[in-house]
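Engineer:
Number of protein chains: 4
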Amino acid sequence: MRQAKVHRIATRAPDDVSGLQAMIGDGRIDPAGIVAILGKTEGNGCVNDFTRAFAVSALKAALSAHLPPDAVAGIATVMSGGTEGALSPHLIVLERGSATTSDGPALAIGCAHTGDLAPEHLGRMAEVWMVAEGVAKAMHDAGIEDPADVHFVQIKCPLLTAERIAEAEARGETVATRDTLKSMGLARGASALGVALALGEIEAHAMSDAIIGRDTSLWSGRASTSAGVELMNHEIVVLGMSKAWSGPLVVDHAVMADAIDILPVRDALRRLGFAADGQLTPAERERLVALLAKAEPGTAGRLRGARHTMLDDSDISATRHARAFAGGALAGLTGTSELFVSGGAEHQGPNGGGPVAVIARRLPRSPEGDS
Amino acid sequence: MRQAKVHRIATRAPDDVSGLQAMIGDGRIDPAGIVAILGKTEGNGCVNDFTRAFAVSALKAALSAHLPPDAVAGIATVMSGGTEGALSPHLIVLERGSATTSDGPALAIGCAHTGDLAPEHLGRMAEVWMVAEGVAKAMHDAGIEDPADVHFVQIKCPLLTAERIAEAEARGETVATRDTLKSMGLARGASALGVALALGEIEAHAMSDAIIGRDTSLWSGRASTSAGVELMNHEIVVLGMSKAWSGPLVVDHAVMADAIDILPVRDALRRLGFAADGQLTPAERERLVALLAKAEPGTAGRLRGARHTMLDDSDISATRHARAFAGGALAGLTGTSELFVSGGAEHQGPNGGGPVAVIARRLPRSPEGDS
Amino acid sequence: MRQAKVHRIATRAPDDVSGLQAMIGDGRIDPAGIVAILGKTEGNGCVNDFTRAFAVSALKAALSAHLPPDAVAGIATVMSGGTEGALSPHLIVLERGSATTSDGPALAIGCAHTGDLAPEHLGRMAEVWMVAEGVAKAMHDAGIEDPADVHFVQIKCPLLTAERIAEAEARGETVATRDTLKSMGLARGASALGVALALGEIEAHAMSDAIIGRDTSLWSGRASTSAGVELMNHEIVVLGMSKAWSGPLVVDHAVMADAIDILPVRDALRRLGFAADGQLTPAERERLVALLAKAEPGTAGRLRGARHTMLDDSDISATRHARAFAGGALAGLTGTSELFVSGGAEHQGPNGGGPVAVIARRLPRSPEGDS
Amino acid sequence: MRQAKVHRIATRAPDDVSGLQAMIGDGRIDPAGIVAILGKTEGNGCVNDFTRAFAVSALKAALSAHLPPDAVAGIATVMSGGTEGALSPHLIVLERGSATTSDGPALAIGCAHTGDLAPEHLGRMAEVWMVAEGVAKAMHDAGIEDPADVHFVQIKCPLLTAERIAEAEARGETVATRDTLKSMGLARGASALGVALALGEIEAHAMSDAIIGRDTSLWSGRASTSAGVELMNHEIVVLGMSKAWSGPLVVDHAVMADAIDILPVRDALRRLGFAADGQLTPAERERLVALLAKAEPGTAGRLRGARHTMLDDSDISATRHARAFAGGALAGLTGTSELFVSGGAEHQGPNGGGPVAVIARRLPRSPEGDS
């Protein structure tokens with residue numbers, strides 16, 4: 050049997066890998082088992098946020114001391130910029146190893162890489178299908194058969210650059226957008242719809258090129274996607290529950306309908322055995338391994354009828370406002386600010402809301418196993 | 050008997066007084082009864098936030114159609130800039146009138162103005178004593194005898210300008226600081242300590258000029274202070290419970306120990322009859338009239354041990370981060386984003402936390418009156 | 050004969066009208082002669098810049114003490130937010146009166162208001178034609194026949210709001226864009242093209258709905274346009290030279306090809322009698338009455354081949370960067386920072402550059418009048 | 050004889066070392082000769098600007114392919130964040146080699162490292178003396194005897210951290226400030242005064258601990274200092290003219306009295322053989338190798354009497370405004386935006402102004418050598 054390990058490591062700067070190195074050094078992390086590293090870094094999370102690349106650069110340099118180049122390149126690194134409010138910079142290291150016990154079902158981690166996407170397919174149904182197939186492969190890799198057992202799908206997808214657009218147009222193709230910033234949103238959206246397709250949340254006939262990035266009523270409740278310039282394929286990590294895995298970790302998910310819709314998250318926490326009566330206690334916070342959430346400003350400019358000013362603020366980007374506020378709501382619920390709240394939630398949860406995944410250590414079972 | 054009325058009015062822009070005018074127009078508000086108007090406006094809440102002055106200008110122009118100049122000038126206007134995250138711009142109008150029933154104790158509103166403060170006394174014990182005396186007067190005006198019945202004291206205090214400093218120095222006096230921005234914090238802090246003195250939260254011998262603005266262990270749990278350039282005295286509004294008042298409104302308060310310390314606020318809500326089980330229901334939100342809170346970034350750069358980046362962010366001021374994050378936590382608890390969360394919490398609540406007041410409509414009493 | 054007066058008045062805050070009031074008070078300005086007031090205010094010049102409205106509100110209140118409401122409403126007020134770098138907040142009051150001498154040609158000021166624009170015409174050729182007709186009227190009002198004598202056309206144009214779009218669509222019409230922010234750029238661009246049409250800079254057959262806001266090769270070298278929510282028509286102010294006017298003021302213009310293309314401006318200064326050898330001397334600066342310029346970041350992300358980062362900066366909007374930088378270049382040339390540098394230069398000057406107008410007091414003529 | 054080489058290399062991102070690598074690859078740069086690398090990176094130039102460390106990290110990794118660790122560590126790397134306006138990110142590589150000709154005097158580059166500074170000496174006279182001695186050594190290293198031949202001294206100095214303060218206090222010492230951000234300004238100021246002392250610009254008896262960071266009337270016209278957390282000593286690079294050096298490069302300097310005081314810079318350009326008549330021509334720009342300048346907002350809030358708003362802007366830090374504006378003025382003069390304009394000018398030039406160094410290729414001499 051396999052066992053998933055998830056390590057949450059605080060960082061003191063974007064390039065701080067001392068925590069990771071210490072855990073590798075004392076054997077708590079086996080670098081060969083790392084399949085993905087997610088990170089919150091302290092840049093603005095927007096176009097000119099170089100803290101993400103700086104973090105990836107430092108992580109790769111650190112891992113290169115332990116792994117061959119191919120293995121380092123095979124690790125998915127998803128950095129999310131923006132620790133607004135009191136959100137706290139940290140890394141989440143996903144590791145796979147052999148189980149020491151046999152007490153599943155438990156957290157399962159599956160990975161897949163798609164082939165390279167042609168630029169003209171980005172943000173279109175071809176990308177949706179490609180991702181859906183990749184999610185199916187990652188589920189298989191995780192030993193998960195039932196889509197209902199999948200709780201979170203983290204995807205790193207490509208984006209368009211001037212060069213890529215030129216290359217496609219030189220071949221007589223057209224691209225979904227010539228605006229490179231916009232292409233990030235389209236790729237995130239198409240990838241999220243790929244998740245929705247793979248998990249049966251939306252049927253294929255409801256989708257078309259025309260709805261991607263436009264119809265906010267179509268969304269996945271379990272997708273979290275992020276665009277990066279350094280790849281043309283998709284790196285897919287599936288988190289779910291599987292009987293083929295054991296160990297102390299479990300995962301569940303919720304969908305927030307808006308930035309302060311914490312009750313579904315509370316319910317997910319309760320399903321995982323937390324009292325979640327107002328706020329997790331210090332003891333409960335020890336059991337909370339990681340919380341991953343998507344946040345965005347609702348496009349209507351209102352939250353439950355009250356006007357918000359996020360979309361009209363030319364000093365602070367709306368995504369930063371949204372992460373701070375939803376981050377505050379989730380920190381109020383969990384009692385911790387070391388939360389992976391990221392932005393850019395196209396087709397990921399309803400307009401203004403987003404999916405949330407909770408990874409926790411399960412409660413100790415009673416001897417009779419009847420807990 | 051007297052009766053307090055509190056009106057929360059959404060605004061569409063800093064100078065939007067249409068809601069206030071409509072309520073005056075249809076008789077829901079009697080302009081002659083208005084004693085104070087608090088407002089959240091959508092500027093940055095920092096030095097170059099002109100939305101506050103714009104709002105005050107519009108309010109005074111609107112009220113001038115109904116009241117003589119003296120009466121308009123007598124209304125305390127406390128604008129707090131900064132609706133970060135999804136915090137929603139709004140006005141809170143405090144009105145006093147005659148009671149139609151006799152069912153107190155109920156919310157009581159008391160007002161007082163101190164005399165003008167000499168610039169050399171600003172941010173020093175002389176200001177603390179002046180404010181303490183003013184709070185006592187405002188309590189008397191409210192018909193509150195026991196300091197324990199006071200739940201919130203909103204104060205508008207003066208600040209130093211180059212002219213005021215020059216005037217004091219011309220008389221051979223020294224000022225607490227020649228940095229005008231810093232003088233705002235000192236005045237807010239001294240005023241808060243004045244509240245603490247009046248309410249018996251801190252004894253006089255524990256205070257001195259040297260601790261003002263420095264010793265964060267000394268604070269009031271019920272003060273909310275704000276500095277403005279347009280006055281040299283103090284406008285003091287006391288909110289509390291008094292048997293001399295009746296009507297449906299009640300008030301209570303809590304002290305948050307940090308930006309996400311929502312449990313004391315939940316407890317205050319429960320004391321006011323809310324279930325507050327995770328989040329107020331839509332029906333409960335109807336009963337919530339106003340929530341006023343102070344938020345600030347903790348100076349240690351940590352929230353419950355986790356590093357935050359608010360104090361090192363040169364793109365967004367720390368006060369904006371703090372309002373967004375604490376605002377999110379409080380909105381998660383209450384289910385609404387129309388919250389009066391303001392910054393600048395010197396000696397108002399513990400380092401990184403702040404006082405919170407909740408004004409609510411009381412639950413209908415059972416016929417026997419034994420609830 | 051008529052005479053134009055131009056007053057440049059420093060302001061201490063967005064709502065500071067003390068300088069204007071003083072000049073009215075001592076007779077230097079006759080309020081009845083004011084036709085337009087331009088102002089640089091210290092907001093961000095973007096969506097949530099309320100300093101513009103605050104300034105207009107204060108100006109209208111001040112003028113209302115001297116003029117009937119209709120006259121106040123008839124004065125065009127064009128506030129431009131953004132005093133980045135050391136740009137200095139100020140007002141430019143344009144006044145018309147009777148000449149005391151007869152020594153033209155001199156600065157001429159003409160005004161016109163178009164009728165209301167239907168929302169479906171905004172940003173389209175119908176607006177271009179409407180503005181062109183208005184410019185012709187304003188030229189007539191100024192007594193200018195030859196378009197070559199026009200040096201600057203300042204226009205305040207409308208924008209779309211959700212309500213206006215809905216109204217047009219209710220009538221079965223379509224609008225040029227449903228993005229209200231984008232509508233500002235389209236209206237500014239269409240208005241600038243209207244100027245180009247009226248002045249013969251571009252012929253009508255070169256224009257169509259499709260090129261508005263898209264073809265940056267089409268531009269006026271004398272248009273400066275600004276969109277405001279408070280009007281649905283166009284306020285047009287033409288500045289030029291006319292023999293029907295006398296007095297000490299003259300005007301000329303230049304077109305900057307990029308943000309640091311100061312040589313054409315130097316040449317305009319020289320045509321107006323300035324040595325302009327490196328930087329205006331203090332004595333020359335006394336003769337410089339006003340400089341009005343448009344600045345914008347070039348869309349190619351390059352300035353003379355060197356990469357700039359304005360368009361990728363998610364912390365500071367590109368328009369703010371552009372004003373600061375072009376403002377620095379123009380201040381280096383003129384030796385003063387009290388310059389009216391505004392953003393949003395669609396079809397106003399070439400991509401990355403912009404039109405510049407200089408108003409100056411003419412050099413004293415030699416006794417023989419043969420200068 | 051020795052020869053200095055200066056390479057200005059555009060970068061596409063903070064970690065872009067492709068230009069440097071290409072020049073090393075084709076022999077234009079000998080990595081063993083590099084003594085210092087200065088860089089403008091595109092962060093905010095303030096506390097949370099990680100583009101500087103990212104650039105240094107990439108530079109060191111690139112150089113490690115060519116040099117042993119000790120040699121890499123010996124290269125001074127001075128990254129200045131902030132390319133506001135159209136300022137363009139670039140590197141300036143300072144290289145020393147053997148001369149191929151003997152046609153000095155020419156640009157000379159001298160280096161020195163001081164010993165480690167004890168934390169309690171930072172920002173105090175002990176640092177001033179230490180730096181003065183280091184500058185003397187660097188002059189000697191450059192073969193410059195007369196201080197009048199020194200035109201620019203670039204220094205990287207240490208700063209205080211919580212750990213360093215604690216270490217000093219554990220030894221019973223006090224530090225100049227416990228505010229780590231403030232310590233950067235004090236160290237920059239003390240280092241600049243060290244330059245002034247070494248160059249005879251200020252005599253020692255005019256200085257004391259008390260004036261450091263306070264008396265803005267004391268300044269060096271040739272110092273440019275920058276604080277970094279990664280060192281406790283000082284890296285000193287002196288640029289001047291020496292007969293012991295030959296080659297085509299020359300250097301001169303100027304002092305700007307305020308942000309738009311370009312005339313002294315024009316005069317320096319003229320001394321270097323540029324016509325500098327309004328703006329450098331494209332041909333002249335080929336001869337301009339590098340321009341290094343310090344910019345800062347004047348503390349009086351005025352530029353030549355006109356109010357600026359830089360110091361009151363809570364959205365954009367004043368240093369960013371200042372770099373953009375002074376950068377615009379200098380770009381207007383030189384016709385290029387690839388300028389090394391950096392902030393933090395304590396005791397470097399007068400209040401609101403700063404030193405400027407110009408490195409250029411000399412004009413070809415006439416055969417008779419009598420130019």
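Chains as they are written, first to last, in our numbering: chain Z, 50 to 420; chain E, 50 to 420; chain A, 50 to 420; chain F, 50 to 420. We treat Cβ as the ideally placed atom computed from N, Cα and C, and that holds for glycine. Here the structure is a predicted model, which is why all the values come from computation and not from measurement.
For Z/V502, is the classification buried or exposed, using 16 other Cβ atoms within 10 angstroms of its Cβ as the cut-off for buried?
Structural biologist: The displayed coordinates of chain Z run from 50 to 420. Any statement about residue 502 of chain Z would go beyond what the structure contains.
Engineer: For E/C95, which residues in chain F fall below 7 Å Cβ to Cβ?
Structural biologist: Under the 7 Å cutoff, chain F gives S363.
Engineer: For A/V244, tell me which candidate among A/V299, A/D190, A/V180, A/E252 has the shortest Cα-Cα distance.
Structural biologist: Answer by Cα proximity: A/V180.
Engineer: Compute the distance between the beta-carbons of F/P404 and F/M290, then report whether it is under 8 Å.
Structural biologist: Cβ distance not < 8 Å, so F/P404 and F/M290 don't count as in contact.
Engineer: For the segment 373 to 390 of chain A and the segment 342 to 357 of chain A, state whether three or more C-beta atom pairs, one from each stretch, are separated by less than 8 Å.
Structural biologist: The segment 373 to 390 of chain A is in contact with the segment 342 to 357 of chain A.
Engineer: So, helix, strand or coil for F/T138, using DSSP?
Structural biologist: A small fix is needed here, since residue 138 of chain F is Pro in this sequence, not Thr. Coil.
Engineer: Chain Z partners of F/S106, CB-CB under 9 Å?
Structural biologist: What F/S106 touches in chain Z: D64, F103, S106, A107, A110.
Engineer: Give every residue of the same chain whose Cβ lies closer than 7 Å to the Cβ of Z/V45, excluding the five residues on either side of it in the sequence, and list them in chain order.
Structural biologist: The requested residue 45 of chain Z is not part of the displayed model; chain Z covers only 50 to 420.
Engineer: So, helix, strand or coil for A/H396, using DSSP?
Structural biologist: In this structure, A/H396 counts as coil in the three-state DSSP scheme.
Engineer: Please report how far the alpha carbon of Z/L298 lies from the alpha carbon of E/G393, in whole angstroms.
Structural biologist: Between Z/L298 and E/G393, the C-alpha separation is close to 42 Å.
Engineer: Check distances from the C-beta atoms of the segment 334 to 366 of chain A to those of chain Z and list, in chain order, the residues that come in under 8 Å.
Structural biologist: Residues passing the 8 Å Cβ filter: T358, D361, D362, S363, D364, S366.
Engineer: Measuring only between beta-carbons, confirm whether F/D419 sits less than 8 Å from chain Z.
Structural biologist: With a pLDDT of 40 at F/D419, under the threshold of 50, the modelled position of this residue cannot be trusted; read the value that follows with caution. No - not a single Cβ of chain Z is within 8 Å of the one on F/D419.
Engineer: For Z/V300, I'd like the list of residues in its chain whose CB is within less than 8 Å of its CB, leaving aside the five on either flank, ordered along the chain.
Structural biologist: L156, H200, F201, L288, G289, M290, A406, V407, I408, A409, listed in sequence order.
Engineer: Would you say Z/R57 lies against chain E (beta-carbon separation less than 8 Å)?
Structural biologist: With 8 Å as the cut-off, Z/R57 does not count as an interface residue toward chain E.
Engineer: Should F/I309 be flagged as near chain A, meaning a C-beta pair shorter than 8 Å?
Structural biologist: With 8 Å as the cut-off, F/I309 counts as an interface residue toward chain A.
Engineer: How should Z/A191 be labelled, buried or exposed, when 16 other C-beta atoms within 10 angstroms of its C-beta is the threshold for buried?
Structural biologist: So Z/A191 counts as buried.
Engineer: Hey, is E/S386's beta-carbon within less than 8 Å of any beta-carbon in chain Z?
Structural biologist: Closer than 8 Å: yes.
Engineer: Quick one: which residues of the segment 134 to 149 of chain A get their C-beta closer than 9 Å to a C-beta of chain F? List them in chain order.
Structural biologist: For the segment 134 to 149 of chain A, which is checked against every Cβ of chain F, the residues closer than 9 Å are G134, A135, L136, S137, P138, H139.
Engineer: Could you say if the segment 265 to 284 of chain A and the segment 203 to 216 of chain A meet the contact criterion of at least three C-beta pairs nearer than 8 Å?
Structural biologist: Contact between the segment 265 to 284 of chain A and the segment 203 to 216 of chain A is present, because at least three Cβ pairs lie under 8 Å.
Engineer: When DSSP builds the beta bridges, which residues end up paired with A/R57?
Structural biologist: Paired residue(s): A/I141.
Engineer: Does the beta carbon of E/T60 come closer than 8 Å to any beta carbon on chain A?
Structural biologist: So, not an interface residue.
Engineer: Nearest by alpha-carbon distance to E/H254: which of E/G234, E/V177, E/E218 is it?
Structural biologist: The option with the nearest alpha carbon to E/H254 is E/V177.
Engineer: For Z/L312, return the contacting residues in chain E, with the cut-off set at a CB-CB distance below 7 Å.
Structural biologist: The answer, in chain order, is G327, Q328.
Engineer: How about E/G392: is its C-beta nearer than 8 Å to some C-beta of chain Z?
Structural biologist: Taking Cβ atoms only, chain Z never reaches closer than 8 Å to E/G392, which makes this a no.
Engineer: Assuming contact is defined by CB atoms lying nearer than 8 Å, are E/Q454 and E/G296 in contact in what I supplied?
Structural biologist: Here chain E covers residues 50 to 420 and nothing more, so residue 454 of chain E does not appear.
Engineer: With a cut-off of 8 Å, does the C-beta of A/E91 fall near any C-beta of chain F?
Structural biologist: Yes, because at least one Cβ of chain F sits closer than 8 Å to the Cβ of A/E91.
Engineer: Can you tell which of Z/E395, Z/T383, Z/I86 has the C-alpha that lies nearest to the C-alpha of Z/R237?
Structural biologist: Of Z/E395, Z/T383, Z/I86, the residue nearest in Cα terms is Z/E395.
Engineer: Buried or exposed for F/P168, going by 16 or more other Cβ atoms inside 10 Å?
Structural biologist: F/P168 should be labelled buried.
Engineer: Roughly how many whole angstroms lie between the Cα atoms of F/G418 and F/E133?
Structural biologist: Its pLDDT being 42, under 50, F/G418 is placed unreliably by the model, and nothing is read from it.
Engineer: Could you tell me which chain Z residues have their CB closer than 7 Å to the CB of F/T100, listed as they occur along the chain?
Structural biologist: Within 7 Å Cβ-Cβ: F99.
Engineer: Can you tell which of F/I158, F/A62, F/G183 has the C-alpha that lies nearest to the C-alpha of F/M50?
Structural biologist: Per the Cα distances, F/I158.
Engineer: Which value, in whole angstroms, describes the spacing of the CA atoms of E/H302 and E/L382?
Structural biologist: Looking at the two C-alpha atoms, the distance is approximately 15 Å.
Engineer: Quick one: complete beta strand (DSSP E) runs, 3+ long, within the segment 297 to 382 of chain F?
Structural biologist: For the segment 297 to 382 of chain F, whole beta strand (DSSP E) runs of length 3 or above, ordered along the chain, are 298 to 305, 337 to 343.
Engineer: From the DSSP output, in three-state form, read off E/A114 for me.
Structural biologist: The answer is coil: DSSP assigns E/A114 none of H, G, I, E or B.
Engineer: Take Z/V66 as the anchor and find which of Z/T265, Z/S113, Z/A197 has the nearest alpha-carbon.
Structural biologist: Selected option, being the one with the closest Cα: Z/S113.
Engineer: Note down, in chain order, each residue of its chain lying with its Cβ closer than 6 Å to the Cβ of A/A306, except the 5 sequence neighbours on either side.
Structural biologist: Excluding positions up to five away in sequence, the list reads P399, G402.
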